[in-house]
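Numbering (the numbering used here), first residue to last: 41 to 783.
Each residue gets a CB set at the ideal place from its N, CA and C atoms; glycine is no exception.
Below: the structure, in structure tokens.
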């Protein structure tokens, strides 16, 4: 709902006035997305029914589990890259696999991390937004007086704030280093997930296609396999444009068949070769494995990690589906099938340890080899989908929080808002995947590169989760210690192992991450600097009145002008630049500022916040349009139409709260007059005025700063989507106003 705030008052007075006005009326029921979680609104999405839950669970199988589901293709070969030296090493490795799958994807992600979703959305930025909502650690400069009511991010908690949570919260709020470090860590984690999205398709497709060489080594050379993998990868990325829903429904039956087959083959191998492999459930075999092999056992942990690749997708992709659907599909389909598959492969290796380099295909019954090969190739293609979808989701989040250049967000489902497709990111991933496949050529080399990205993102998620446990969930200390001691220590151990192979390809995901972090940092840095420049040069309400009076001494042009800007704290300086060059103003002028809140969704009923520039007869308004990072624009209709309707509501409410209205009759008369002026202006025509600012480094800037602003940022800006595309503004009614600012 709209709020009336006097521009001439400072922030504290504004807040007191806002509070007083809320208390002054018993007739108006005013909700504000800055006060409550969207999930607490009466119009928030209801819990999905059973049929919807089952459909989402089915779709999730085709999107989320492709990566972790196809890991049996290459896990044992990655662990025993030098061959099996002792038969009981199979038991030790299998035990490591079983407990790793149980503790990380199931216990950590399915039952703990998924609970830290931000109103249904997951990923590194979702955890960061939760922390920002609860403490003032965000670096987005567009904070307002209205935000103070949620600056402590009043989440629905079962108990009062504890001293431990308060102390940590205050420490983070008072430390500039902590704020920058959290943002830096979030960017790094996001970059690592995107790097994961590059490596996953490469290793999955190469592993599956390698089955042809295993069956016919004289026919298929390595070069032919590599180029076949490239063709498959290109086809996969071309298919992304059809959207998550169609991809899910297309891929889900294949992956369901895959899980059924690997589970059945596992049972077959278990019963035929060595039922005693069930001994691997005893964790003592892990201890014995390390005693026998020492350093080699520690190095082999980099191969064990391959069994949980894609686990982060369970959290990052939750926005495409729901928490319950992910839990249902993981516990009922994916986890049982994987356990059976690894038990079967372990049983086979107990009798045929020499086949460890190609365990999956060698352990297949001969009669179903080629049918299984086809299914494996299809499943491997699908395996890439988990991280591709996750990449789309986290780019959308980072974009909304000012940490990524504007890209096109295509919402592919009218029923599930989280299902998106980003053409620019899809093309970037496709090109990188092709180049990486051509450069590395084998799964062994790719495996060395893969592990670092996987484990680092998991460890970062755990670190953020501990902050959430302390500050927001108020988790008892013994449980936090237990989580860190078990999950944290396991992930640190795996991270130390994968870092050992840094010079054998492990540098690749770090190189990708550094490049993406540079892009994100440059964009976020200049975004903040540009905002502060506008804030320092903003135009006061008094100056606006003076400018309007000087420009329009007798009349104003008929029509409504919407002036777009990122500044939410006042009138942007580009307004003065516009008036100096075009000495004419429309009868109604609205300054629309877009603001991203650190929550996932803002209902359209709460999206618009209006302020009026006094006196009333100026007909100059300020409008802050608030979005969550998972929202998309123009979903409820044309932006200008919604804005005008909400402005009418504001005018009505403004007079009802205003002490200037002596009685209801006068108030009604003033409302009718202003609404009539607005409707006439809207019917005459709407002009969209877009401020286009060229940013250059100031004279005092050093070389690095000049390169960052003059070259890196402006290169990104020239190649991103402009404001008119974001709001779908018609070109024939758009006017761009440019100016240059030095920062």
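Inset, instruction - Could you pull out every unbroken alpha helix (DSSP H) segment of at least 4 residues lying fully inside the region 217-241, listed in chain order? - result: none
Inset, instruction - Find out if the Cβ-Cβ distance for the pair residue 122, residue 326 is shorter than 7 angstroms. - result: no
Inset, instruction - Could you pull out every unbroken alpha helix (DSSP H) segment of at least 4 residues lying fully inside the region 390-450, listed in chain order? - result: 399-402, 409-423, 425-440
Inset, instruction - Report yes if the CB atom of residue 427 is closer than 7 angstroms to the CB atom of residue 724, and no otherwise. - result: no
Inset, instruction - With a threshold of 16 other CB atoms inside 10 Å of the CB of residue 91, please say whether the residue is buried or exposed. - result: exposed
Legend entry - Neighbour-count burial assignment, residue 357, 16 or more Cβ in a 10 Å radius: That one is buried.
Inset, instruction - Can you grab the Cα-Cα spacing for the pair residue 114 / residue 292, in whole Å? - result: 22 angstroms
Legend entry - Environment of residue 334 [buried if 16+ CB atoms lie within 10 Å]: exposed
Inset, instruction - Please determine, among 136, 100, 713, the residue with the shortest C-alpha to C-alpha distance to residue 534. - result: 136
Inset, instruction - Report yes if the CB atom of residue 419 is closer than 7 angstroms to the CB atom of residue 338, and no otherwise. - result: No.
Inset, instruction - Check residue 577 in the structure and name its three-state DSSP category. - result: Shown here, residue 577 sits in coil according to DSSP, grouped into three states, outside any helix or strand.
Inset, instruction - Alpha carbon to alpha carbon, how far is residue 437 from residue 387? Give it in angstroms, no decimals. - result: Here the alpha carbons of residue 437 and residue 387 stand approximately 44 angstroms from one another.
Inset, instruction - Classify residue 166 as buried or exposed, calling it buried when 16 or more other Cβ atoms lie within 10 Å of its own Cβ. - result: buried
Legend entry - Short Cβ contact (7 angstroms threshold) for residue 660 with residue 632: no
Inset, instruction - For residue 742, count neighbouring Cβ atoms within 10 angstroms of its own Cβ and tell me buried if that reaches 16, exposed if not. - result: exposed
Inset, instruction - Only counting runs of 4 or more residues, tell me where the alpha helix (DSSP H) segments fall wholly within the region 307-374, in order along the chain. - result: 324-333, 335-344, 351-356, 363-369
Legend entry - Residue burial classification, residue 197 (beta-carbon count within 10 angstroms, cutoff 16): Low confidence applies here, because residue 197 scores a pLDDT of 46, under 50, leaving its location unreliable; read the following figure in that light. Looking at its Cβ environment, which holds fewer than 16 other Cβ atoms inside 10 Å, residue 197 is exposed.
Legend entry - Sheet register partners of residue 650 (DSSP bridge): In the DSSP output, where bridge partners are listed per residue, residue 650 has 663.
Legend entry - Neighbourhood of residue 756 by C-beta distance below 8 angstroms, restricted to the same chain and skipping five residues each side: 445, 559, 562, 563
Inset, instruction - From the DSSP output, in three-state form, read off residue 630 for me. - result: Assignment of residue 630 by DSSP, reduced to helix, strand and coil, places it in the strand class.
Legend entry - From 773, 359, 474, 783, residue whose alpha carbon lies closest to that of residue 460: 359
Inset, instruction - Please report the residue range of the alpha helix (DSSP H) in which residue 100 lies. - result: 90-103
Legend entry - Cβ distance (whole Å) where residue 177 is taken to contact residue 213 below 8 angstroms: 6 angstroms
Legend entry - Proximity below 7 angstroms, CB of residue 232 to CB of residue 502: no
Inset, instruction - Locate the beta strand (DSSP E) running through residue 728, then write down its first and last residues. - result: 726-736
Inset, instruction - Report the residue from 336, 653, 476 whose alpha carbon sits nearest the alpha carbon of residue 583. - result: 653
Inset, instruction - Give me the Cα-Cα distance between residue 618 and residue 777, rounded to the nearest whole angstrom. - result: 6 angstroms
Legend entry - Residue from 682, 607, 620 whose Cα sits closest to the Cα of residue 643: Ranking 682, 607, 620 by Cα distance to residue 643 puts 682 first.
Legend entry - Cβ-based neighbour list, residue 208, same chain, cut-off 7 angstroms, excluding 5 preceding and 5 following: These residues qualify, in order along the chain: 510, 511.
Inset, instruction - In angstroms with no decimal places, state the Cα-to-Cα distance between residue 443 and residue 290. - result: 33 angstroms
Legend entry - Per DSSP, the bridge partner or partners of residue 514: DSSP output for residue 514 lists no bridge partner at all.
Legend entry - Residue range of the alpha helix (DSSP H) that includes residue 174: 164-174
Inset, instruction - Can you tell me which of the three DSSP states residue 460 falls into? - result: strand
Inset, instruction - Specify, as a first and last residue, the run of the beta strand (DSSP E) that residue 776 falls within. - result: 774-782
Inset, instruction - Output the boundary residues of the alpha helix (DSSP H) element that contains residue 106. - result: 106-109
Inset, instruction - Tell me whether residue 347 is buried or exposed, calling it buried when 16 or more other Cβ atoms sit within 10 Å of its Cβ. - result: buried
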